[in-house]
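Below is one structure, written out as structure tokens, with a few remarks after it.
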Amino acid sequence: MSAINYNEIDKKWKDFWDKNQTYKVEDISDKPKYYVLDMFPYPSGSGLHVGHPLGYIASDIFSRYKRMKGFNVLHPMGFDAFGLPAEEYAIQKGVHPADSTAINVKRYREQLDSLGFSFDWTRQVNTSDPKYYKWTQWIFTELYNHYFDTQIQKARPIEELAQQFALSGNESVTAANSQEENFSADQWRSMSEVEQSEILMNYRLAYRKTGYVNWCEALGTVLANDQIKEGLSVRGGHPVTQKAMNQWYLRITAYAERMLNDLDGIAWSDALKTIQKNWIGRSEGASIEFVVEGSEEKIEVFTTRPDTIFGATYMVLAPLHELVEKLTTSDQKEEVDEYVKYVKAKSEIQRMAEKESTGKFIGSYAINPFTNEKIPIWIGEYVLKDYGTGAIMAVPSDDERDNAFAKKFGLPIIQVIDKSEYPEADMSDKVGKMINSGFMNGMEAKDAIKAACKKVEELGIGQARVNYKMRDANFSRQRYWGEPFPIEYNSNGIPLALSLEELPLELPHTEDFKPGAAGKSPLARIENWMNTPEGKTRETDVMPGVAGSSWYYLRYMDPHNEDAFVSPEKVNYWRDVDLYVGGSEHAVAHLMYARFWHKFLFDKGRVPTNEPFKKLINQGMIQGVIEFVYLLKEKENGHSKFICTKLAKEMNISMDELAKIPILIDYVKDYGSEKSYLNMESIKNFINYYPSYKDAIFECGAGTFHQGNFTPKGDGTETHLFTHSEVGKMSKSKLNVINPDDIIGQYGTDCFRMYEMFLGPIEQSKPWDTNGIEGVSKFLKKFSSLYVGENGEWLINDETAPKEAHKILNKTIQKIEKDILAFSMNTAISAFMICVNDLKKLKVHNREILQPLLHLMAPFAPFITDELNERMGGKGSIHHEAFPVVNEEHLKEDSFTYPICVMGKKRATLEMPSDASKEEIETAAKNLPAMEKWFEDKEIIKTIVVPQKMVNFVVK
RNA sequence: GCCGAAGUGGCGGAAUUGGUAGACGCGCUGGAUUCAAAAUCCAGUUCUUUCGAGAGUGUGGGUUCGAUUCCCACCUUCGGUACCA
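Numbering-wise, the working numbering comes out as the position in the first sequence, counting from 1, plus 240.
Right under this line is the structure:
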């Protein structure tokens, strides 16, 4: 019989903490503040999986440590509760997203509670709560009502811009914009209200423009990238194309420069900073206009290499560029249309991943403004519509992709740079002497860039320009389960932002989640909501998932405030997040948007800091095995057909003909093994999960399963439809989630927490494996056996502990504190194991050792330590007591054991007093009997002695 | 394709201002205890070996007295790639 019942103490202390509000945080305190934040979860239907707690446990340990070190620690949790999966679930199962979300939140809350986190739950936020999204909508209206002044690098009210237009037109304004034409003050004043509104739209930080969405004609809906696999919809396997739609965007590019520069001041990993830096993708170059022969149209290109313009022998437009239709000649129309159709059927990822150059000549020619030569205009998928101007001047002599393209299509290549002085340089290096380049001949490339820019400006056809790869954020979703836009259109179609008093604009109730006409949001079907009593029309798109998560960390500071998103007093106390822990998969989306919103709020004086997250640690992912079934892209007699992986291999079916459809791992037999498969029952489950496949055919070696019947091929009686297994992230969309509940029930919370930490470094990804948890369980038993005997007897005495025990304790305190600060929780657990093993050997039961040890363990194992602390005579919770302090006296070592090496290989060891001199060590090492044979017939030519490290002899 | 990360025993991993490769744990092997098992405890466990030693941290090179650690090239896996969050 075990002396400690883990399930009992888990419950006992959970209740205690709850009743005593152990983790409630005060907003005003004499203690220094410390804000530890976790990325909040999306409450999916499959529950919290073993990957979520990895970061949460680590940050909880850190929070508990900081609390014990005397800080006022804000450590909150909430739910990112709007999103696609709940809506998909509603479509499939008819459960309202609000209901399924409420159920999932409740379940998550229970699961999080069972993990023993020290969250202050009175601060919980839920992004789908109108009290919360009121403020998400409000921030949106603020963005809508502002533009970005590029001169002062700051947001300003849009009315100020309108005043400027009335005074002096738009030519002299310094504002981030997507406005193409210039106008004078007179022109502005003579414009209609609608025209003025349309122009202002091109300056707002939240604005509308045409964008492309994944359109699935068969389903009549817009699809997320996640819902598409290899160009087909996951649901039903239908083709998907790119379709133009009017969308809301956020002008995040306005903040590009600040977001880039301010990376220097924050303690994020270099890897993460590099990702963001590259994502922002700043490049200097020039925008240049090319005249189109026989047309009024001009094509603006952006190039980082204006120096090479004499080598620009053709142009390439993005296939979706606005001018393609206008500039395509009738004889090329058919081919061009076909190519555009081909491009629209591919996702951007697929297009960028395309190694082969593809493209079409559109029949028109442009004039190279420097050579005055006619150059053909092509379209090609390697040019993206939203990067730069969506058009390039192609210089096949100095750009690899242009070069490959020119070679493939037989376009001329003119060398314009002599790189003979730089044999190491490749095509993309901006070095060499200009040749065949008119007035630039003989210049160095770097000087030529400046000269070309100057010339371009003189000719009035462009200017030097900074370009960013980052694009403005598409903020529209033709969906139901998200924040409604706080926007109404009047009878002229002019958009008007709601005022704060009108917020929140609540999401109307509906039971019909089917898309509206022409792929519009389901909200467009709710006519009495869409059309307001005042004769206005509401925006029917909703905001994306990233909206709510872009500012939630601020709401935790003041979660119940009804008058402001956060009060100035509270945001001035808590300021910013000191430590943010979350997955690196959020490196660009969430972390970019949050920084952008924060900077905007900073500009408005609403927050006191320029950056939201001072320090950030990326936890790695706990991976799972993803199981797929193969779906033939070609239907058989109108039925979708799945095929066994083994059979597909035998029949030599190429992967091009197959789509991989992920399947819920619960249905898979021998999950995770190489021979994982589906049997008939699994197939029925799969069909229940995806009703759109109810008429599908499933074929394996033993026979065919169709509409509930199995037709054997030979004497087979059972389907073994082998599945395809891959290691990948554990996620609801990959259907491979493993829940922690059972493990906690079996081993207790402390054990689960420590095991997750013991798995490996926090920032590294690793596959989940429950084997090995026994080791941690044994350790915890051993640990408590220092305090409580086999029959429950209390073993702690007040005698003086041996010196050795003090040394073990203090070395451990030193190591643990160092590891917590470095977020190296796995090595901290190892150190605990070593410490307990050593104390056990010495049979240590002294209070003066075991009381500090208990406190040292408290952040890691909050339940058992509170329990033992109580038996130790402690009042209240151990988690409000102080963290132990190292006594340096006990750390002194008398001697050091040196490895004695010959040519870097260890050949012997030698124990020497800690204060031995280099010479003493060298002499002692040389005279070791064990070393004799290594020196025989050899000469010692060099001796390296590094005190407290090693000795090395170099012999010849 | 592009950006980022990782690759060390059968497995998770440890060790980096360049200094004993494999800490700690799982698994496995042997032993103790037991009528037997579970549990517990003890010992062993990178590979090869002629038992002297030799090889070894994804692959191939380089720098160094000494490289898992630094440099160059490559391979593989994972994350992101703008509508999963």
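Beta carbons: idealized from backbone N, C-alpha and C, even for Gly.
{"Query": "Can you list, in chain order, the residues of its chain whose CB lies under 6 Å from that of Gly954, leaving out five sequence neighbours each side?", "Result": "none"}
{"Query": "Please say whether Met970 and Gly864 have beta carbons closer to each other than 7 Å?", "Result": "yes"}
{"Query": "To the nearest angstrom, report how far apart Ala685 and Lys469 are at their CA atoms.", "Result": "44 Å"}
{"Query": "Determine the direct distance from the alpha carbon of Ile392 to that of Arg429, and round the result to whole angstroms.", "Result": "26 Å"}
{"Query": "In the structure shown, what three-state DSSP assignment does Thr1052 receive?", "Result": "helix"}
{"Query": "What residues are listed by DSSP as bridge partners for Asp278?", "Result": "Val821"}
{"Query": "Counting pairs of Cβ atoms below 8 Å between the region 1070-1089 and the region 1009-1024, do you hit three or more?", "Result": "yes"}
{"Query": "Drop a sphere of 10 angstroms on the beta-carbon of Arg363, count the other beta-carbons inside from all chains shown, and report buried for 16 or more, exposed for fewer.", "Result": "buried"}
{"Query": "Rounded to the nearest angstrom, what separates Met241 and Asn1031 at their Cα positions?", "Result": "Reliability of the predicted coordinates at Met241 is poor, the pLDDT of 35 falling under 50, and the value obtained from them is presented with this limitation in mind. Cα-Cα distance, rounded: 8 Å."}
{"Query": "Could you tell me the boundaries of the beta strand (DSSP E) in which Glu524 lies?", "Result": "522-532"}
{"Query": "Contact between the region 314-329 and the region 356-370: three or more CB pairs below 8 Å?", "Result": "yes"}
{"Query": "For Met861, write down the residues that DSSP places opposite it in a beta bridge.", "Result": "Per DSSP, none; premise fails for Met861."}
{"Query": "Taking a contact to mean a Cβ-Cβ separation below 7 Å, would you say Leu651 touches Tyr554 in this structure?", "Result": "yes"}
{"Query": "Please report how far the alpha carbon of Met683 lies from the alpha carbon of Val623, in whole angstroms.", "Result": "29 Å"}
{"Query": "Of the residues Pro735, Gly334, Asp990, Met1152, which one's Cα is nearest the Cα of Glu1133?", "Result": "Met1152"}
{"Query": "For the pair the region 513-524 and the region 707-716, tell me if three or more CB-CB distances fall below 8 Å.", "Result": "yes"}
{"Query": "Please name the residue in Lys694, Gln655, Tyr662 whose C-alpha comes closest to that of Asn676.", "Result": "Gln655"}
{"Query": "Run the CB neighbour count on Gly781, radius 10 Å, all protein chains shown included, and call it buried at 16 or more, exposed below.", "Result": "For the record, residue 781 in the displayed sequence is Asp; it is not Gly. By the 10 Å Cβ count, Asp781 comes out buried."}
{"Query": "With DSSP collapsed to three states, give me the class of Glu1179.", "Result": "coil"}
{"Query": "Return the bridge partner residues of Gln436 from the DSSP annotation.", "Result": "Partner(s): none; Gln436 has no beta bridge."}
{"Query": "Would you report the Cα separation of Tyr627 and Ser299, rounded to the nearest angstrom?", "Result": "39 Å"}
{"Query": "So for Cys940, helix, strand or coil by DSSP?", "Result": "strand"}
{"Query": "Here's the rule: buried if 16 or more other CB atoms are within 10 angstroms of the residue's CB, otherwise exposed. What is Pro663?", "Result": "exposed"}
{"Query": "Find the nearest neighbour of Ala416 within the set Pro755, Thr1040, Ala446, Pro852, judged by alpha-carbon distance.", "Result": "Ala446"}
{"Query": "Mind the definition here: the region 479-497 touches the region 455-469 only if three or more C-beta pairs lie below 8 Å; say whether that holds.", "Result": "yes"}
{"Query": "Can you give the Cα-Cα distance for His826 and Lys625, rounded to whole angstroms?", "Result": "25 Å"}
{"Query": "Using DSSP bridges, identify the partner residues of Ala415.", "Result": "Asp389"}
{"Query": "With a threshold of 6 Å on Cβ separation, who are the neighbours of Trp508 within its own chain once the five nearest residues in sequence on each side are excluded?", "Result": "Leu856"}
{"Query": "For His749, does the count of other Cβ atoms within 10 angstroms reach 16, so buried, or fall short, so exposed?", "Result": "exposed"}
{"Query": "So, helix, strand or coil for Val345, using DSSP?", "Result": "helix"}
{"Query": "Mind checking whether Ile1053 and His1085 have CB atoms under 7 Å apart?", "Result": "no"}
{"Query": "In angstroms with no decimal places, state the Cα-to-Cα distance between Asp1009 and Ile983.", "Result": "12 Å"}
{"Query": "Would you kindly work out how many angstroms separate the C-alpha atoms of Met1171 and Lys1182, rounded to a whole number?", "Result": "15 Å"}
{"Query": "Here's a check: name, in chain order, each residue in its chain whose Cβ is nearer than 7 Å to the Cβ of Gly878, leaving out the five neighbours to either side.", "Result": "none"}
{"Query": "Roughly how many angstroms separate the alpha carbons of Pro1187 and Gly672, rounded to a whole number?", "Result": "52 Å"}
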